[in-house]
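In the working numbering, the protein residues as written are 382 to 629. A short write-up of the structure that comes next.
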Ligand code: NAI
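Shown next, in the form of structure tokens:
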């Protein structure tokens with residue numbers, strides 16, 4: 382299937398994990414990619430290692446919590462590549478600890494990277510998406526759907542992403558722009574491994590998942606690509622939970 386032939390897709394946090402898998406998926410389906418992450422070298426190594434260098438036309442070091450940096454990434458990509466069809470707001474960080482264990486700086490940084498950046502990126506992309514009849518897909522989390530223990534700041538930021546998704550969906554539906562998010566459960570990326578540090582803790586976690594395992598980055602990318610595709614042409618404001626049954 383090549384559902385995105387010739388379309389321009391911008392992805393944040395694309396150097397690893399779910400962002401990398403999403404870049405590979407869109408490239409395999411014919412898209413032209415604009416990718417950002419904290420390190421341009423990491424992006425360059427990723428596109429070479431995965432064989433998608435030809436599709437990845439824009440690689441940029443961007444801290445998504447910096448409104449000027451993310452806005453100029455989107456502007457430059459859309460203008461140099463001629464259009465913008467899809468924005469995937471995917472970059473994110475974890476923040477572990479109760480409210481009396483984390484600092485104000487950790488709280489603010491989590492809000493800045495996990496929530497503010499979705500606002501910044503979407504705000505910059507909307508004029509181009511309006512022209513293209515495009516869409517936004519955000520990577521939220523099942524942590525945004527309930528009180529995931531020990532993750533206060535992360536839960537709040539991701540709950541914000543879920544509701545910002547709904548809000549943008551209703552505000553921009555009349556302009557032909559769809560906005561959706563995925564809510565992954567545990568996914569076997571660097572982020573989860575830094576949280577569930579040793580194999581025994583990971584096995585305990587997996588026992589709590591009805592399907593008995595964590596998800597793969599490719600399974601998240603498949604959900605993102607579905608929501609961005611014309612197969613989802615009447616879907617906006619939805620949260621697609623991809624969690625092996627954890628929240629069922
Ligand atoms: P990851 O750590 O492999 O990838 C995150 C990417 O975002 C990294 O390449 C990192 O450099 C980049 N990034 C971090 N801060 C950034 C910033 N300020 N500016 C630009 N790029 C930045 O982790 P993963 O799992 O692929 O995470 C992707 C998204 O999925 C995140 O939004 C995360 O919250 C979400 N998620 C992950 C879950 C998991 O279990 N791994 C579960 C639910 C949601």
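Ideal Cβ placement from N, Cα and C applies to all residues, glycine included. Only a predicted model underlies this, so the values are computations on that prediction, with no experimental measurement involved.
At a cut-off of 3 residues, the continuous stretches assigned as beta strand (DSSP E) that sit fully inside the region 497–572 are 516–520, 559–565. Residue 546 sits close to residue 620, with the two beta carbons spaced by under 8 Å. Nearest to residue 597 by alpha-carbon distance, out of 434, 488, 565, 576, is 565. Linking residue 462 to residue 437 through their CA atoms gives a straight-line distance of about 11 Å.
Of the residues 491, 477, 504, 560, the one whose Cα lies closest to the Cα of residue 532 is 477. Between residue 513 and residue 465, the CB-CB gap stays under 8 Å. In this structure residue 383 is exposed. Its beta-carbon is surrounded by fewer than 16 other beta-carbon atoms within 10 angstroms. For residue 431, there is no enclosing beta strand (DSSP E); the residue is found in the alpha helix (DSSP H) stretching over 421–431. Residue 403 and residue 493 have their C-alpha atoms spaced approximately 22 Å apart.
In the three-state scheme derived from DSSP, where H, G and I count as helix and E and B as strand, residue 438 is classed as strand. Across the set 472, 523, 490, 549, the C-alpha of 549 shows the shortest separation from the C-alpha of residue 507. The ligand NAI approaches residue 471 closely enough that one of its heavy atoms is under 7 Å from the residue's Cβ. At a Cβ-Cβ threshold of 8 Å, residue 452 and residue 498 do not count as neighbours. Residue 558 has its CB no nearer than 7 Å to any heavy atom of the ligand NAI. Sequence-distant Cβ neighbours of residue 602 in its own chain, meaning closer than 6 Å and more than five residues away, are 402, 403, 406. By the C-beta criterion, the region 466–485 is judged to be in contact with the region 514–524, since at least 3 inter-stretch pairs fall below 8 Å. DSSP lists 416, 469 as the beta-bridge partner residues of residue 392. Collapsing the DSSP output to three states places residue 400 in a helix. Secondary structure at residue 608: helix, using DSSP grouped into helix, strand and coil.
Scanning its chain for C-beta atoms nearer than 8 Å, with the 5 sequence neighbours on each side dropped, one finds around residue 576 the residues 475, 477, in chain order.
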